[in-house]
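A short worksheet on the structure shown next.
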Amino acid sequence: MVRSRRLRLAAIPIAATLALLLAGCTQQQLQGWLPTEPGTTNNVDRVIGLWVTSWIVLLIVGIITWGLTLWAVIVYRRRRGQTGLPAQLRYNMPIEIFYTVVPLILVLGFFAFTARDQSAIEAKYDDPDVTIAVYGKQWAWDFNYVDEDVYSAGIQGQPNPDDAKGSLVESEIPTLYLPVGKKVEIQLEARDVIHSFWVIDFLYKKDMIPGKTNYMYVTPEREGTYSGKCAELCGEYHSLMLFNVKVVSQDEYDAYIKSLKDAGFNGQLGHEYDRNQNLPGTTSPRVAE
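The sequence shown begins at 27 in my numbering and counts up one residue at a time.
Structural data, given as structure tokens:
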């Protein structure tokens, strides 16, 4: 009688877990509520896989931990008529080895798979189809299309005077154009303080550090408009440091490049506009002749 009661009590968390796992999942749930869709870039599916697999492993560990905890509470609870402390157990070598080795395996596993995916995501394109130089500045973005020798200079987000809710004028937000299906190398620079280039749907961001060039390699695989922002607190108007990424066909990309040339935006916006050059002590003293 007591044995069957214990089995029923132990079956409750197992049944609840199975019901949860067998319930239908939406696509958003299957990808761990990440703000993107599979196939957006060549790296997105890899990030989704690492994220979801990690949570599945952690969920299993959590279920086992809670299950053992509840089992111990139920099985070793004080019975009616019992007094004093129960028999104390210690120096159980198999159990101590288990709870030492298993966490070590988990940590090493997470490290190995993360290093594997990071290495693939950071792999350099030896012959990129498109090269973009992005400059972060307080509080906007400059985009240089290096191969075509044209640029687009951005301004920070402008509040929409016709909207009391505080939305921004969408047409004023800096926009980076990328051709779909092409290997893109993005060179990341900062003109003043540390910024961070974050394309939300690409599940990727990287710091932009004054005096250092960082690189991002990506192949956009789905056309659309994707939101981006600075992910590093960079000053008073950090929240307005937004941009869009438009992934378009090659024809649309070529037409946009032509529109920049026709507008006279030829050449590149380089380090000559870096604000740090105006600070004291950043130039060598002039030698008297």
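Beta carbons are placed, not taken as given, at the ideal position from N, Cα and C, and that holds for glycine.
Everything numeric in this text was worked out from a predicted model, so none of it was measured.
CA-CA distance, D218 to P236, rounds to 6 Å. Between S178 and F291, the gap from beta carbon to beta carbon is short of 8 Å. Taking a 10 Å sphere around the C-beta of S222, we find 16 or more other C-beta atoms and assign the residue as buried. Spatial neighbours of T79 in its own chain (CB-CB distance under 8 Å, excluding positions within 5 residues in sequence) are listed in chain order as F139.
Fewer than three Cβ pairs drawn from the stretch 176-196 and the stretch 142-156 lie within less than 8 Å of each other, which leaves the two stretches out of contact. Contact between the stretch 181-190 and the stretch 112-131 is absent, with fewer than three C-beta pairs closer than 8 Å. Looking at the DSSP output, I158 bridges to Y171 and I212. Comparing alpha carbon positions, the residue from A166, E278, P120 and L115 closest to A257 is A166.
Taking S275 as reference, the option from T245, G254 and R103 with the minimal CA-CA separation is T245.
In chain order, S222, F223, W224, V225 and A257 place their CB closer than 8 Å to the CB of K231, counting only its own chain and leaving out the 5 sequence neighbours on each side. Nearest to V70 by alpha-carbon distance, out of D227, G207 and V206, is D227. Distance from the Cα of Q164 is smallest, within the candidate group L132, E63, G293 and E262, for E262. Burial check for P120: the Cβ neighbour count within 10 Å stays below 16, so the residue is exposed. Contact annotation, E211 with Y252: C-beta distance approximately 18 Å; criterion of less than 8 Å not satisfied. Nearest Cα to V206 within the set F137, M234, K238 and G250: G250. Counted as a single uninterrupted DSSP element, the alpha helix (DSSP H) harbouring K287 occupies residues Q276 to D288. Annotation for Y279: Y203 and P205 place their beta carbon closer than 6 Å to its own, counting only its chain and skipping 5 residues before and after. Closest by C-alpha distance to T201, out of E174, K208, N170 and A216, is N170.
Between G293 and D173 a beta carbon distance of about 13 Å is seen, past the 8 Å cut, so the two are scored as non-contacting.
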